[in-house]
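Q:
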Amino acid sequence: MRRLQLYNWAKCAKNWSLSHTASFEGGEKQMKFISFIGTGPDGGGYSELSYQMEGAEDKVFTKFVQRSEIQLLGRERFEKIYILCTRESKKFFHELHDELKDELGIPGEIIEAVDIGKIEQIKSAWALFEKISSLINNGDTLVFDLTHGFRSLSIILSAALNYILKAKNQIVLRHVFYGEKNENSDRRGTIIDMKDFYSVNQWADGVARLTENADASKLADVAKHESSGTFSNLKDSDLIRALEELTATLRNIDVNRVARNTKNALEIIRTCKDKSTGAEHELLCLVEEKFAPLAKELSGQYDADYFMLQLDIIRMLNEHRLYMQAYTVILETIGSVGMLGTPSELIKDIWDPATAELRSPYADLFVRMMNFSDFKSRSDKENTRAEQLNTTICTWINNQSMLEELKTITKETKKYRNGFDHAWTGHGDKTMQKKIKDQEIETLASDAVNFLEKLITSLIQQKIIHTRQT
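The sequence shown begins at 21 in the working numbering and counts up by one.
Structure representation (structure tokens):
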């Protein structure tokens, strides 16, 4: 029997090697194996079964599901094997240890018993949780086996695993195995890989970070390390690249590219969504719903769509607590309002690079005029521009009884925005931190966008800002 087992193991290892060599050329990092061993259904250990991984042909005949998993994956792939055991199950650990050492040739020093007590109260459960977590270091590649994690142990193992994936850096989860005896056979066992159910949390975290913080890096990282076929549409390389470009555009406040990048990302999202079902479909819907308001079709004019997009960007930045960027876009929106009072040839096509340099002085000047009560022109040319803005846009806004409020909003926004700029001096650091803590930063950004929406709506009603004809 022993010779037959060794022959079967050699055949199995050879088959695994032939089918997986290409996947691990270049030296994949070795893995840590973590499992629990109990005393068996009647306290006398476990029966021998012919274990087979779901969907695979190779089999291993053994009492220990852990041995079959290690053998089927390849013994040389493991740097450490941790077996959690109680005082009662320790004798079965020794039996497993000898089988791994003598029959698979695994060095005894990498096979370690981790002593655990019975879970009799919540304090014991927390102690076990901490012990499992302590076995894992940043950068580890993991294989978990939950087969014999009876009662509360499975919950603790699962909670520890989810915690490790979130709290430790660059953890790669390869497998989460569960072995069970086949109902229609006394001698066969099937090993199921439950890893995909733990991947769900990783994908959900990636989508949450994207929708809550405009940060696609977590989603990209999960897609990079996730090897299973589940959530394949979220793993789409074109989708990840488009979302990274979109969030970078938002964070770098490249306002004029936001609509275009959003439209591109949404087209890919909808294609992926049409091919997806269940949880993956729901996550893609969350992403679509979050960014859809930014996908406006812009005409190249300072029209209603252009200003509403700027307001949507401010709201999103404020919601993501990207206050410095939000304040920058508020000032850019105020500058854009000022452009409504400039010569028509300058704003005929805002994408025209030939007029870009001519527009900038007007926008900057308007913001300064709103910011300083004692505004004074710096040159004759600037004085001419200021007079033009006073007789056009300033008069129009004053007629709506909103000019003084716009000036107040501009002054406050400029002051707070400059507070972020001068961090290197250290002078304003405590003041800014207090304003953030007291939510003054968020409140002003919210007040500013609400006022600008009221102002822009009024200018639309007065036909100063045009709506596109459909």
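We put the CB at the ideal spot given by N, CA and C, even for glycine. The structure presented is a predicted model; accordingly, all values stated were derived computationally and were not measured.
Which whole-angstrom value describes the C-beta separation of I333 and V275, a residue pair presumed to lie in contact below a C-beta threshold of 8 Å?
A: Indexing the sequence shown from 1 puts residue 333 at position 313. Indexing the sequence shown from 1 puts residue 275 at position 255. Yes, they are in contact, since the Cβ atoms of I333 and V275 sit about 6 Å apart, within 8 Å.
Q: Taking the CB atoms as reference points, tell me whether G355 and I413 lie closer together than 8 Å.
A: Locating residue 355 in the sequence shown gives position 335, counting from the first residue. Locating residue 413 in the sequence shown gives position 393, counting from the first residue. No, the pair does not count as a contact, with Cβ atoms beyond the cut-off.
Q: Grab me the residues of G348's own chain with a C-beta within less than 8 Å of its C-beta, minus the 5 sequence neighbours each way, in chain order.
A: For the purposes of this step, residue 348 is taken as the residue at position 328 of the sequence shown. Per the sequence shown, residue 348 should be read as Thr rather than Gly. The residues are I273 and R437.
Q: Taking the beta strand (DSSP E) that R208 belongs to, which residues open and close that run?
A: Residue mapping note: residue 208 aligns to position 188 of the sequence shown, counting from 1. Element bounds for R208: R208 to D213.
Q: On the three-state DSSP scale, how would you describe L342?
A: Here residue 342 refers to the residue found at position 322 of the sequence shown. In the structure shown, L342 sits in coil (DSSP, three-state: anything other than H, G, I, E or B).
Q: Compare the C-alpha of L464 against each of L423, L351 and L104 and name the closest.
A: Reading the sequence shown from its first residue, position 444 is the one you call residue 464. That would be L351, whose Cα lies nearest to the Cα of L464.
Q: Please state if the CB of K255 and the CB of A243 are separated by a distance shorter than 8 Å.
A: Walking along the sequence shown from the start, residue 243 turns up at place 223. Walking along the sequence shown from the start, residue 255 turns up at place 235. Less than 8 Å separates the beta-carbon of A243 from that of K255.
Q: Apart from the five residues on each side of it in sequence, which residues of its chain come closer than 8 Å, Cβ to Cβ, to Q190?
A: The count along the sequence shown starts at 1 and reaches residue 190 at position 170. Only N158 and G159 meet the Cβ criterion.
Q: So, does the CB of R488 fall closer than 8 Å to a CB anywhere in chain B?
A: Absent from the structure is chain B; it holds one protein chain and no more.
Q: Would you list, in sequence order, the uninterrupted alpha helix (DSSP H) runs of no fewer than 4 residues that lie entirely inside the region 61 to 130?
A: 85 to 93 and 110 to 124
Q: Between S358 and T282, what straight-line distance do the alpha-carbon atoms span, to the nearest angstrom?
A: Here the question's residue 358 lines up with position 338 in the sequence shown. Here the question's residue 282 lines up with position 262 in the sequence shown. Per the sequence shown, the amino acid found at residue 358 is Gly instead of Ser. Each residue's alpha carbon lies about 26 Å from the other.
Q: Taking C-alpha atoms, which residue in L306, K295 and Q345 lies nearest to L270?
A: As a first step, residue 270 must be located in the sequence shown, where it is residue number 250. Taking only the C-alpha atoms, the option nearest L270 is Q345.
Q: Hey, how far is the Cα of M328 from the Cα of S319?
A: For the purposes of this step, residue 328 is taken as the residue at position 308 of the sequence shown. For the purposes of this step, residue 319 is taken as the residue at position 299 of the sequence shown. Distance between the alpha carbons of M328 and S319 is about 13 Å.
Q: Hey, would you say A240 sits closer than 8 Å to E264, going by beta carbons?
A: Your numbering for residue 240 matches position 220 in the sequence shown. Your numbering for residue 264 matches position 244 in the sequence shown. Closer than 8 Å, so yes.
Q: Run through the region 185 to 271 for me and flag every whole beta strand (DSSP E) of 3 or more residues, listed as ranges in chain order.
A: 192 to 201 and 208 to 213
Q: Taking the C-alpha atoms as reference points, what is the distance between G47 and E96?
A: By one-based count along the sequence shown, residue 47 stands at place 27. By one-based count along the sequence shown, residue 96 stands at place 76. Below a pLDDT of 50, predicted positions are generally treated as unreliable, and G47, at 46, falls in that range; no measurement from the model is reported.
Q: Mind checking whether K100 and E132 have CB atoms under 8 Å apart?
A: In the sequence shown, counting from the first residue as 1, residue 100 sits at position 80. In the sequence shown, counting from the first residue as 1, residue 132 sits at position 112. Yes, these two residues count as a Cβ contact at 8 Å.
Q: Return the CA-CA distance between H486 and E473, expressed in angstroms with no decimal places.
A: Your numbering for residue 486 matches position 466 in the sequence shown. Your numbering for residue 473 matches position 453 in the sequence shown. Spanning the two alpha carbons is a distance of roughly 15 Å.
Q: Flag this pair as yes or no: are the beta carbons of F197 and F164 separated by less than 8 Å?
A: By one-based count along the sequence shown, residue 197 stands at place 177. By one-based count along the sequence shown, residue 164 stands at place 144. Taking 8 Å as the Cβ cut-off, F197 and F164 qualify as a contacting pair.
Q: Drop a sphere of 10 angstroms on the beta-carbon of H114, count the other beta-carbons inside from all chains shown, and report buried for 16 or more, exposed for fewer.
A: Against the sequence shown, residue 114 aligns to sequence position 94. H114 is exposed by the Cβ-count criterion.
Q: Could you give the residue range of the alpha helix (DSSP H) that holds K52?
A: Here residue 52 is taken as the residue at index 32 of the sequence shown, counted from 1. Here K52 belongs to no alpha helix (DSSP H); instead the beta strand (DSSP E) covers M51 to I57.
Q: Which residue's Cα is closest to the Cα of E200: E77, Y322, Q86 and D384?
A: Here residue 200 refers to the residue found at position 180 of the sequence shown. Closest by alpha carbon: Q86.
Q: Measure the Cβ-Cβ separation of F98 and F53 and say whether it is below 8 Å.
A: What you label residue 98 is simply residue 78 of the sequence shown in a count that begins at 1. What you label residue 53 is simply residue 33 of the sequence shown in a count that begins at 1. Taking C-beta atoms as the reference points, F98 and F53 count as a pair closer than 8 Å.
Q: What are the boundary residues of the alpha helix (DSSP H) that L306 is part of?
A: Position 286 of the sequence shown holds residue 306. Where L306 is concerned, the enclosing alpha helix (DSSP H) stretches over G298 to F311.
Q: So L472 is in the alpha helix (DSSP H); what residue range does that whole segment cover?
A: In the sequence shown, residue 472 corresponds to position 452, counting from 1. Start and end: E460 to Q481.
Q: Determine the extent of the alpha helix (DSSP H) in which D384 is found, giving its start and end residues.
A: Mapped onto the sequence shown, residue 384 falls at position 364. Segment P373 to N391, the alpha helix (DSSP H) holding D384.
Q: Could you pull the start and end residues of the beta strand (DSSP E) that F11 belongs to?
A: Examination of residue 11 is not possible in this model, given that the chain is present from 21 through 490 alone.
Q: Examine the Cβ distances between the region 144 to 151 and the region 113 to 129 and report whether three or more of them are shorter than 8 Å.
A: no
Q: So if DSSP puts D394 in a beta bridge, which residue, or which two residues, is it bridged to?
A: Within the sequence shown, the letter at position 374 stands for residue 394. Beta-bridge pairing links D394 to no other residue.
Q: Can you name, in chain order, every residue of its own chain whose Cβ lies under 7 Å from the Cβ of F471, other than the five neighbours on each side?
A: Translated into positions along the sequence shown, residue 471 becomes position 451. Cβ within range, chain order: E425 and I429.
Q: Any chance the region 123 to 137 sits against the region 104 to 112, with 3 or more Cβ pairs inside 8 Å?
A: Yes: at least three Cβ pairs fall under 8 Å.
Q: Using the Cα positions of T267 and E462, report the straight-line distance between them to the nearest angstrom.
A: Against the sequence shown, residue 267 aligns to sequence position 247. Against the sequence shown, residue 462 aligns to sequence position 442. One C-alpha to the other measures close to 20 Å.
Q: Consult DSSP for E317 and reduce its assignment to one of helix, strand or coil.
A: Translated into the one-based positions of the sequence shown, residue 317 becomes position 297. Three-state DSSP puts E317 in coil, outside helix and strand.
Q: Since L337 and A315 should fall inside the 8 Å C-beta cutoff, what is the C-beta to C-beta distance between them, to a whole number of angstroms?
A: Within the sequence shown, residue 337 is the residue found at index 317, counting from 1. Within the sequence shown, residue 315 is the residue found at index 295, counting from 1. In fact, because the Cβ distance is near 17 Å, the residues do not count as touching under 8 Å.
Q: Between R277, I289 and R280, which has its C-alpha nearest I260's C-alpha?
A: Start at 1 with the first residue of the sequence shown, and residue 260 comes out as number 240. Taking only the C-alpha atoms, the option nearest I260 is I289.
Q: Buried or exposed for D62, please, with buried defined as at least 16 other CB atoms from any protein chain shown within 10 angstroms of its CB.
A: Along the sequence shown, one-based indexing puts residue 62 at 42. Here D62 is exposed. Its C-beta has fewer than 16 other C-beta atoms within 10 Å.
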